[in-house]
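S.K.:
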Amino acid sequence: MAEANEQPQPERCKALTADGTRCSRPAEKDGFCYQHDERDQTVSESNTESQQATETEAEEEPDDEQQHTAADQLESDSEQTPESEEDADDQQRTAAAESETDAGSVDTTDPGDVDTSDLEADIDDGRVEGLLAVRQTVERTAAQIIGRKFDGVSEITPTEDGWRAVVEVVERSSIPDTMDVLGRYEVDLNEDGVIEGYRRIDRYRRGDTVEYESG
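Just so we're aligned: the sequence shown equals residues 1 to 215 in UniProt numbering.
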């Protein structure tokens, strides 16, 4: 009767947590829990990486034959004859003399004579001012448009039609604040810095390194 009443243990999620251990939550149909998916590293992937590292170390270890060859070469070099040593000295003196001749013929240029006007022209002051204006606009209006408390700007990039900014807002506050749920939003602006639209791209807890998914 006791064996009949025993319930099978649910399969654990196959994803690895941030500290490298297997997730303890029960898995769903796809083998992951509600907080993980196929983008996370799994137990099988971790085992494969360990095996590859072991194989790499084995390939990098020199075999006995290579070690003997190197030892024989060192012994042969130590038995070099006086004639060969004299030849080597002559070659070194010749190379040193040629190096001094080449050094004397090098044409040096005074750094003050270098024209840097072209480099300075490559810096688009207008583009920099536009970037700062977009950041100020996003910081000032993102909370009103999205309807959440503004937390920060993580990215601003130019597009064909204007600008795109990625901002974080607080979607749910918690104590401690490392448990706050943050939302990341893409905000599109035209060339004049006017916000034309936005969309949420993901959610996560402030203290987590993995994406947050509500259950």
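Yeah, the Cβ is synthetic: ideal placement off N, Cα and C, and Gly gets one too.
Look up THR17 in the DSSP assignment and say whether it is helix, strand or coil.
M.R.: Along the sequence shown, read from residue 1 onward, the residue named residue 17 stands at position 17. DSSP places THR17 in coil when its eight states are reduced to three.
S.K.: Whole beta strand (DSSP E) runs in the segment 153 to 192 with 3 or more residues, listed along the chain?
M.R.: List check, beta strand (DSSP E) in window: 162 to 172 and 181 to 190.
S.K.: Could you pull out every residue in the same chain whose Cβ sits closer than 6 Å to the Cβ of PHE32, ignoring the five residues on either side in sequence?
M.R.: Walking along the sequence shown from the start, residue 32 turns up at place 32. CYS13 and ALA15, listed in sequence order.
S.K.: Tell me whether ASP40 is buried or exposed, calling it buried when 16 or more other Cβ atoms sit within 10 Å of its Cβ.
M.R.: The sequence position of residue 40 within the sequence shown is 40, counting from 1. Buried: at least 16 other Cβ atoms inside 10 Å.
S.K.: Mark ASP129 as exposed unless 16 or more other C-beta atoms lie within 10 angstroms of its C-beta, in which case mark it buried.
M.R.: Against the sequence shown, residue 129 aligns to sequence position 129. Residue identity check: residue 129 is Glu in the sequence provided, not Asp. So GLU129 ends up on the exposed side.
S.K.: Pull up the CB-CB distance for ARG206 and ASP177, whole angstroms please, since I reckon it's below 8 Å.
M.R.: Along the sequence shown, one-based indexing puts residue 206 at 206. Along the sequence shown, one-based indexing puts residue 177 at 177. Contact holds; Cβ gap of about 6 Å.
S.K.: I'd like to check one pair, VAL167 with GLY183: are the Cβ atoms closer than 7 Å?
M.R.: As a first step, residue 183 must be located in the sequence shown, where it is residue number 183. As a first step, residue 167 must be located in the sequence shown, where it is residue number 167. No, Cβ-Cβ distance for GLY183 and VAL167 is not below 7 Å.
S.K.: Please classify ARG200 as buried or exposed, where buried requires at least 16 neighbouring CB atoms within 10 angstroms.
M.R.: Along the sequence shown, read from residue 1 onward, the residue named residue 200 stands at position 200. The residue in question, ARG200, is exposed, as its Cβ has fewer than 16 Cβ neighbours within 10 Å.
S.K.: If you count every other CB in all the chains shown that lies within 10 Å of the CB of TYR34, and 16 or more means buried, which is it?
M.R.: Numbered from 1 along the sequence shown, position 34 holds the residue referred to as residue 34. Exposed: under 16 other Cβ atoms inside 10 Å.
S.K.: So, is ILE175 buried or exposed, given that buried needs 16 or more other C-beta atoms within 10 angstroms?
M.R.: Within the sequence shown, the letter at position 175 stands for residue 175. The residue is exposed, with fewer than 16 neighbouring Cβ atoms inside 10 Å.
S.K.: Return the first residue and the last residue of the beta strand (DSSP E) that GLY207 is part of.
M.R.: Locating residue 207 in the sequence shown gives position 207, counting from the first residue. Careful: GLY207 lies outside any beta strand (DSSP E) and carries neither H nor E.
S.K.: How long is the line joining the alpha carbons of GLY20 and GLY193, rounded to whole angstroms?
M.R.: Translated into positions along the sequence shown, residue 20 becomes position 20. Translated into positions along the sequence shown, residue 193 becomes position 193. If you take the alpha carbons of GLY20 and GLY193, they lie about 43 Å apart.
S.K.: Please state whether DSSP places GLU196 in a helix, a strand or coil.
M.R.: Taking the first residue of the sequence shown as position 1, residue 196 is located at position 196. The answer is strand: DSSP assigns GLU196 an E or B state.
S.K.: Taking the alpha carbon of residue 254 as the point to measure from, which residue in THR17, GLN73, GLU11 and GLU160 has its own alpha carbon closest?
M.R.: The structure shown does not extend to residue 254, since the chain is modelled only from 1 through 215, so no value can be given for it.
S.K.: Answer yes or no: do ASN190 and GLY152 have a C-beta to C-beta separation smaller than 7 Å?
M.R.: Residue mapping note: residue 190 aligns to position 190 of the sequence shown, counting from 1. Residue mapping note: residue 152 aligns to position 152 of the sequence shown, counting from 1. Cβ distance not < 7 Å, so ASN190 and GLY152 don't count as in contact.
S.K.: Can you give me the C-alpha to C-alpha distance between THR157 and TYR185, rounded to a whole angstrom?
M.R.: Locating residue 157 in the sequence shown gives position 157, where the first residue counts as 1. Locating residue 185 in the sequence shown gives position 185, where the first residue counts as 1. In a straight line, the C-alpha of THR157 is about 14 Å away from that of TYR185.
S.K.: Residues in the same chain with beta-carbon distance under 6 Å from ALA142, minus the five sequence neighbours each way, listed in chain order, please.
M.R.: By 1-based counting over the sequence shown, the position of residue 142 is 142. Around ALA142: PHE150 and VAL167.
S.K.: Quick one, which of ASP30, ALA165 and ARG22 has its alpha-carbon nearest ALA44's?
M.R.: The residue given as residue 44 occupies position 44 in the sequence shown. Note that residue 44 corresponds to Ser in the displayed sequence, not to Ala. Of the candidates ASP30, ALA165 and ARG22, the one whose C-alpha sits nearest the C-alpha of SER44 is ARG22.
S.K.: In chain order, what residues of the same chain lie with their CB nearer than 6 Å to the CB of residue 222, ignoring the 5 residues before and after it?
M.R.: Nothing in the structure corresponds to residue 222, since the chain is present only between 1 and 215.
S.K.: Hey, out of LEU132, TYR198, THR17 and GLU86, whose CA is closest to ILE146's CA?
M.R.: If you number the sequence shown from 1, residue 146 lands on position 146. Among LEU132, TYR198, THR17 and GLU86, the Cα nearest to that of ILE146 belongs to TYR198.
S.K.: Rounded to whole angstroms, what is the Cα-Cα separation between GLN144 and THR159?
M.R.: In the sequence shown, residue 144 corresponds to position 144, counting from 1. In the sequence shown, residue 159 corresponds to position 159, counting from 1. Rounded to the nearest angstrom, the two C-alpha atoms are 23 Å apart.
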